[in-house]
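Taking the working numbering, I'd label the letters of the sequence shown as residues 961 to 1218.
Don't be surprised by glycine CBs; every beta carbon is placed ideally from N, CA and C.
Everything below concerns the one structure shown next.
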Amino acid sequence: MDLEHNPFEAALKVGEKQLGLWIGLCSGFGAEVTAPSGFDWALIDMEHSPNDFHSVLAQLQVFASYETTAIVRPDWNDTVAVKRLLDLGAQGLLFPMIQSVDEAEQAVASTRYPPRGVRGVSGNTRANKFGRVTDYAASVDGETTVLVQLETTAAIAQAEAIGMVDGVSGVFFGPADIAADMGLVGQPMNVAVWDVIKPAAQALIAKGVPVGTLVMDPNFAAGLLNDGFNFVACGSDTGLLAKASDALLETVKGKIKE
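Below is the structure:
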(Lines of atoms letter the chains of each structure in order from A and count residues from 1; the text may use other names and numbers.)
(Lines give C-alpha, C1' and ligand atoms only; values in the text may rest on other atoms or scores of the structure.)
Protein backbone atom coordinates (compact mmCIF):
# COMPACT_ATOMS: atom_id res chain seq x y z
CA MET A 1 0.00 0.00 0.00
CA ASP A 2 1.39 3.41 -1.05
CA LEU A 3 1.28 6.68 0.86
CA GLU A 4 -1.64 8.91 -0.03
CA HIS A 5 -0.93 11.85 -2.31
CA ASN A 6 -1.00 15.39 -0.88
CA PRO A 7 -2.78 17.49 -3.55
CA PHE A 8 -2.18 20.77 -1.72
CA GLU A 9 1.59 20.22 -1.65
CA ALA A 10 1.56 19.26 -5.33
CA ALA A 11 -0.46 22.36 -6.20
CA LEU A 12 2.00 24.66 -4.40
CA LYS A 13 4.90 23.14 -6.33
CA VAL A 14 3.33 24.00 -9.68
CA GLY A 15 1.90 27.37 -8.66
CA GLU A 16 -1.80 26.52 -8.65
CA LYS A 17 -3.97 28.89 -6.62
CA GLN A 18 -5.42 27.28 -3.49
CA LEU A 19 -8.46 28.67 -1.68
CA GLY A 20 -8.87 27.77 1.98
CA LEU A 21 -11.14 27.94 5.01
CA TRP A 22 -10.18 28.32 8.68
CA ILE A 23 -11.65 25.63 10.95
CA GLY A 24 -12.28 26.41 14.62
CA LEU A 25 -15.42 24.53 15.64
CA CYS A 26 -13.31 21.70 17.07
CA SER A 27 -15.57 18.80 16.13
CA GLY A 28 -15.87 16.15 13.49
CA PHE A 29 -19.54 17.00 13.11
CA GLY A 30 -18.66 20.63 12.46
CA ALA A 31 -16.07 19.57 9.90
CA GLU A 32 -18.72 17.58 8.06
CA VAL A 33 -20.67 20.81 7.50
CA THR A 34 -17.83 22.50 5.60
CA ALA A 35 -15.84 19.61 4.10
CA PRO A 36 -18.27 19.01 1.19
CA SER A 37 -17.97 22.66 0.11
CA GLY A 38 -14.85 21.83 -1.85
CA PHE A 39 -12.22 24.24 -0.56
CA ASP A 40 -8.71 23.28 -1.67
CA TRP A 41 -7.42 23.35 1.90
CA ALA A 42 -8.71 23.75 5.43
CA LEU A 43 -6.75 24.90 8.45
CA ILE A 44 -7.57 23.03 11.66
CA ASP A 45 -6.45 25.48 14.33
CA MET A 46 -4.94 24.44 17.66
CA GLU A 47 -3.44 27.84 18.48
CA HIS A 48 -6.58 29.94 18.90
CA SER A 49 -9.24 27.23 19.19
CA PRO A 50 -9.79 24.69 22.00
CA ASN A 51 -8.74 21.76 19.82
CA ASP A 52 -6.89 18.80 21.29
CA PHE A 53 -5.43 15.72 19.62
CA HIS A 54 -8.72 13.83 19.81
CA SER A 55 -10.76 16.59 18.19
CA VAL A 56 -8.10 17.10 15.52
CA LEU A 57 -8.19 13.36 14.78
CA ALA A 58 -11.96 13.44 14.31
CA GLN A 59 -11.65 16.33 11.86
CA LEU A 60 -8.81 14.69 9.93
CA GLN A 61 -10.99 11.62 9.56
CA VAL A 62 -13.78 13.74 8.08
CA PHE A 63 -11.61 15.64 5.62
CA ALA A 64 -9.97 12.40 4.47
CA SER A 65 -13.23 11.55 2.71
CA TYR A 66 -13.21 14.75 0.66
CA GLU A 67 -10.90 16.57 -1.76
CA THR A 68 -9.93 19.25 0.77
CA THR A 69 -6.42 18.92 2.23
CA ALA A 70 -6.44 19.39 6.00
CA ILE A 71 -3.54 21.42 7.39
CA VAL A 72 -3.09 21.64 11.17
CA ARG A 73 -1.69 24.61 13.07
CA PRO A 74 -0.15 23.43 16.36
CA ASP A 75 -0.17 25.92 19.20
CA TRP A 76 3.62 26.28 19.00
CA ASN A 77 6.74 25.15 17.16
CA ASP A 78 6.84 22.08 19.40
CA THR A 79 8.67 18.95 18.23
CA VAL A 80 6.59 16.61 20.39
CA ALA A 81 3.26 18.06 19.25
CA VAL A 82 4.39 17.90 15.63
CA LYS A 83 5.36 14.24 15.99
CA ARG A 84 1.94 13.39 17.36
CA LEU A 85 0.08 15.33 14.67
CA LEU A 86 2.08 13.69 11.89
CA ASP A 87 1.45 10.27 13.42
CA LEU A 88 -2.27 11.12 13.40
CA GLY A 89 -2.00 11.60 9.66
CA ALA A 90 -1.84 15.38 9.23
CA GLN A 91 -0.62 16.02 5.68
CA GLY A 92 0.60 19.50 6.50
CA LEU A 93 1.40 21.85 9.35
CA LEU A 94 1.36 25.61 9.76
CA PHE A 95 3.97 26.66 12.32
CA PRO A 96 3.02 29.86 14.19
CA MET A 97 5.30 32.75 15.14
CA ILE A 98 8.44 31.79 13.19
CA GLN A 99 10.95 34.51 13.90
CA SER A 100 14.19 33.34 12.30
CA VAL A 101 15.90 30.94 9.92
CA ASP A 102 16.87 28.79 12.91
CA GLU A 103 13.24 28.46 13.98
CA ALA A 104 12.19 27.59 10.43
CA GLU A 105 14.90 24.93 10.30
CA GLN A 106 13.66 23.56 13.64
CA ALA A 107 10.14 23.37 12.24
CA VAL A 108 11.29 21.40 9.22
CA ALA A 109 13.47 19.13 11.35
CA SER A 110 10.50 18.21 13.54
CA THR A 111 8.76 16.79 10.45
CA ARG A 112 11.75 14.72 9.24
CA TYR A 113 13.10 11.42 10.45
CA PRO A 114 16.80 11.14 11.34
CA PRO A 115 19.32 11.79 9.97
CA ARG A 116 17.49 14.70 8.24
CA GLY A 117 15.55 15.68 11.34
CA VAL A 118 14.39 14.72 14.81
CA ARG A 119 10.96 13.16 14.33
CA GLY A 120 10.45 10.11 16.52
CA VAL A 121 9.81 6.85 14.71
CA SER A 122 6.78 4.61 15.12
CA GLY A 123 5.94 1.83 12.70
CA ASN A 124 2.26 1.59 13.65
CA THR A 125 0.32 4.84 13.26
CA ARG A 126 -2.73 6.20 11.48
CA ALA A 127 -0.36 8.03 9.12
CA ASN A 128 1.06 4.76 7.74
CA LYS A 129 -2.27 2.93 8.03
CA PHE A 130 -0.91 1.02 11.00
CA GLY A 131 2.08 -0.40 9.22
CA ARG A 132 0.41 -1.10 5.87
CA VAL A 133 2.06 1.77 3.94
CA THR A 134 5.38 0.16 3.18
CA ASP A 135 6.93 3.24 1.53
CA TYR A 136 5.92 5.67 4.29
CA ALA A 137 9.39 6.57 5.58
CA ALA A 138 10.76 6.97 2.07
CA SER A 139 7.85 9.04 0.74
CA VAL A 140 6.48 11.12 3.60
CA ASP A 141 8.85 14.10 3.24
CA GLY A 142 7.61 14.84 -0.26
CA GLU A 143 3.97 14.56 0.80
CA THR A 144 4.20 16.73 3.93
CA THR A 145 3.46 20.44 3.68
CA VAL A 146 5.51 22.69 5.97
CA LEU A 147 4.19 26.25 6.17
CA VAL A 148 5.89 28.87 8.34
CA GLN A 149 3.93 31.81 9.71
CA LEU A 150 5.50 35.27 9.93
CA GLU A 151 3.77 37.49 12.48
CA THR A 152 6.12 40.38 13.24
CA THR A 153 8.00 43.03 11.28
CA ALA A 154 11.27 41.49 12.49
CA ALA A 155 10.28 38.16 10.93
CA ILE A 156 9.17 39.87 7.71
CA ALA A 157 12.61 41.47 7.46
CA GLN A 158 13.98 37.92 7.20
CA ALA A 159 11.20 36.61 4.97
CA GLU A 160 13.36 35.70 1.98
CA ALA A 161 15.92 33.80 4.05
CA ILE A 162 13.18 32.00 5.99
CA GLY A 163 11.30 31.12 2.82
CA MET A 164 14.41 29.61 1.23
CA VAL A 165 15.00 27.16 4.09
CA ASP A 166 15.14 23.65 2.66
CA GLY A 167 11.88 21.84 3.36
CA VAL A 168 9.70 24.94 3.75
CA SER A 169 6.72 24.58 1.42
CA GLY A 170 5.46 28.13 1.77
CA VAL A 171 5.36 31.30 3.86
CA PHE A 172 2.16 32.44 5.55
CA PHE A 173 1.69 36.04 6.64
CA GLY A 174 -0.39 36.63 9.78
CA PRO A 175 -1.89 40.13 9.34
CA ALA A 176 -3.57 40.28 12.76
CA ASP A 177 -0.34 39.80 14.69
CA ILE A 178 1.67 41.88 12.25
CA ALA A 179 -0.82 44.68 12.83
CA ALA A 180 -0.45 44.29 16.59
CA ASP A 181 3.34 44.35 16.28
CA MET A 182 2.99 47.64 14.38
CA GLY A 183 0.83 49.18 17.12
CA LEU A 184 -2.35 48.59 15.12
CA VAL A 185 -3.92 45.80 17.16
CA GLY A 186 -7.35 44.86 15.86
CA GLN A 187 -6.66 46.41 12.43
CA PRO A 188 -5.41 43.54 10.23
CA MET A 189 -6.76 45.21 7.08
CA ASN A 190 -5.07 48.55 7.73
CA VAL A 191 -3.32 49.76 4.58
CA ALA A 192 -0.08 50.21 6.52
CA VAL A 193 -0.07 46.50 7.43
CA TRP A 194 -0.41 45.42 3.81
CA ASP A 195 2.20 47.96 2.74
CA VAL A 196 4.58 45.85 4.83
CA ILE A 197 3.26 42.43 3.81
CA LYS A 198 2.89 42.85 0.06
CA PRO A 199 6.50 43.80 -0.83
CA ALA A 200 7.83 40.89 1.23
CA ALA A 201 5.32 38.56 -0.41
CA GLN A 202 6.28 39.73 -3.89
CA ALA A 203 9.97 39.22 -3.14
CA LEU A 204 9.21 35.63 -2.12
CA ILE A 205 7.01 35.06 -5.16
CA ALA A 206 9.87 36.27 -7.37
CA LYS A 207 12.06 33.59 -5.82
CA GLY A 208 9.45 30.90 -6.41
CA VAL A 209 8.39 30.59 -2.77
CA PRO A 210 4.63 30.09 -2.34
CA VAL A 211 2.96 32.67 -0.09
CA GLY A 212 -0.39 32.72 1.70
CA THR A 213 -2.50 34.35 4.36
CA LEU A 214 -5.94 34.53 5.99
CA VAL A 215 -8.32 37.43 5.35
CA MET A 216 -12.05 37.67 6.03
CA ASP A 217 -12.84 39.88 3.04
CA PRO A 218 -13.64 37.68 0.01
CA ASN A 219 -12.88 40.43 -2.49
CA PHE A 220 -9.52 41.12 -0.89
CA ALA A 221 -8.78 37.38 -0.84
CA ALA A 222 -9.48 37.11 -4.56
CA GLY A 223 -7.30 40.15 -5.19
CA LEU A 224 -4.37 38.58 -3.37
CA LEU A 225 -4.67 35.39 -5.41
CA ASN A 226 -4.83 37.47 -8.58
CA ASP A 227 -1.68 39.31 -7.46
CA GLY A 228 0.37 36.13 -7.07
CA PHE A 229 -0.47 34.76 -3.63
CA ASN A 230 -0.68 30.98 -3.84
CA PHE A 231 -2.84 29.93 -0.89
CA VAL A 232 -5.38 32.20 0.80
CA ALA A 233 -8.01 31.37 3.40
CA CYS A 234 -11.03 33.61 2.85
CA GLY A 235 -13.03 32.99 6.01
CA SER A 236 -13.63 30.77 9.01
CA ASP A 237 -16.35 28.33 10.00
CA THR A 238 -16.95 30.19 13.27
CA GLY A 239 -17.10 33.55 11.52
CA LEU A 240 -19.54 32.27 8.92
CA LEU A 241 -21.81 30.82 11.61
CA ALA A 242 -21.74 34.03 13.65
CA LYS A 243 -22.48 36.27 10.67
CA ALA A 244 -25.23 34.03 9.33
CA SER A 245 -26.84 33.80 12.76
CA ASP A 246 -26.80 37.57 13.21
CA ALA A 247 -28.10 38.18 9.69
CA LEU A 248 -30.94 35.69 10.07
CA LEU A 249 -32.07 37.24 13.34
CA GLU A 250 -31.98 40.78 11.97
CA THR A 251 -33.78 39.77 8.77
CA VAL A 252 -36.68 38.16 10.59
CA LYS A 253 -36.89 40.86 13.28
CA GLY A 254 -37.03 43.47 10.55
CA LYS A 255 -40.15 41.86 9.07
CA ILE A 256 -42.10 41.59 12.30
CA LYS A 257 -44.86 44.17 12.65
CA GLU A 258 -45.04 46.01 15.94
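Heavy atom of the ligand ADP within 8 Å of residue i beta-carbon
| i | result |
| --- | --- |
| residue 1094 | The ligand ADP is not part of the structure shown, which contains no ligands of any sort. |
Neighbourhood of residue i by C-beta distance below 8 Å, restricted to the same chain and skipping five residues each side
| i | result |
| --- | --- |
| residue 1188 | 1161, 1162, 1165, 1171 |
| residue 1015 | 986, 987, 988 |
| residue 1044 | 1013 |
| residue 1025 | 995 |
| residue 1095 | 962, 963 |
| residue 1153 | 1135, 1138, 1139, 1142, 1144, 1147 |
Of the listed residues the options, nearest to residue i (C-alpha basis)
| i | options | result |
| --- | --- | --- |
| residue 974 | 1030, 1168, 1199, 1213 | 1168 |
| residue 1197 | 1004, 961, 978 | 1004 |
| residue 1158 | 1186, 1145, 1216, 1143 | 1186 |
| residue 1146 | 1175, 1121, 1132 | 1175 |
| residue 970 | 1066, 1006, 1130, 1049 | 1130 |
| residue 1036 | 1199, 1011, 1027, 1006 | 1006 |
| residue 1149 | 1121, 1128, 1179, 1124 | 1179 |
| residue 977 | 1113, 1155, 1182 | 1182 |
| residue 1221 | 1106, 1088, 1202, 1098 | Because the chain spans 961 through 1218 in this model, residue 1221 falls outside it and cannot be assessed. |
| residue 1027 | 1009, 1002, 1010 | 1002 |
| residue 1173 | 1105, 968, 1132 | 1132 |
| residue 982 | 1008, 1106, 968 | 1008 |
| residue 993 | 1010, 1190, 1200 | 1200 |
| residue 972 | 1128, 1011, 1155, 1032 | 1128 |
Three-way DSSP call (helix, strand, coil) for residue i in this model
| i | result |
| --- | --- |
| residue 1005 | strand |
| residue 1061 | helix |
| residue 963 | coil |
| residue 958 | Past the edges of the chain, shown from 961 to 1218, lies residue 958, and the structure says nothing about it. |
| residue 1048 | coil |
| residue 1205 | helix |
| residue 1082 | coil |
| residue 1077 | coil |
Cβ separation of residue i and residue j, assumed to be a contact under 8 Å, to the nearest whole Å
| i | j | result |
| --- | --- | --- |
| residue 1000 | residue 984 | Their Cβ separation, rounded to whole angstroms, is 18 Å, which puts residue 1000 and residue 984 out of contact at 8 Å. |
| residue 963 | residue 1093 | 5 Å |
| residue 1086 | residue 1047 | 7 Å |
| residue 1020 | residue 1030 | 5 Å |
| residue 1039 | residue 1078 | 6 Å |
| residue 1091 | residue 1083 | 6 Å |
| residue 1022 | residue 1064 | Actually they do not touch by this definition, with Cβ atoms about 30 Å apart. |
Own chain, CB closer than 6 Å to residue i, minus 5 neighbours either side, in chain order
| i | result |
| --- | --- |
| residue 966 | 1051, 1103 |
| residue 1184 | 1192 |
| residue 1057 | 1111 |
| residue 1115 | 1059 |
| residue 1088 | 1096 |
Nonlocal neighbours in the same chain, by C-beta distance under 7 Å from residue i, ignoring five residues either side
| i | result |
| --- | --- |
| residue 1042 | 1034, 1053, 1070, 1071 |
Inset, instruction - Return the chain-ordered ranges of every alpha helix (DSSP H) run that is complete within the stretch 977 to 1036 and spans a minimum of 4 residues. - result: 988 to 994, 1013 to 1023
Inset, instruction - Enumerate, from N- to C-terminal direction, the unbroken beta strand (DSSP E) stretches of 3 or more residues contained entirely within the stretch 1099 to 1174. - result: 1105 to 1110, 1130 to 1133, 1171 to 1174
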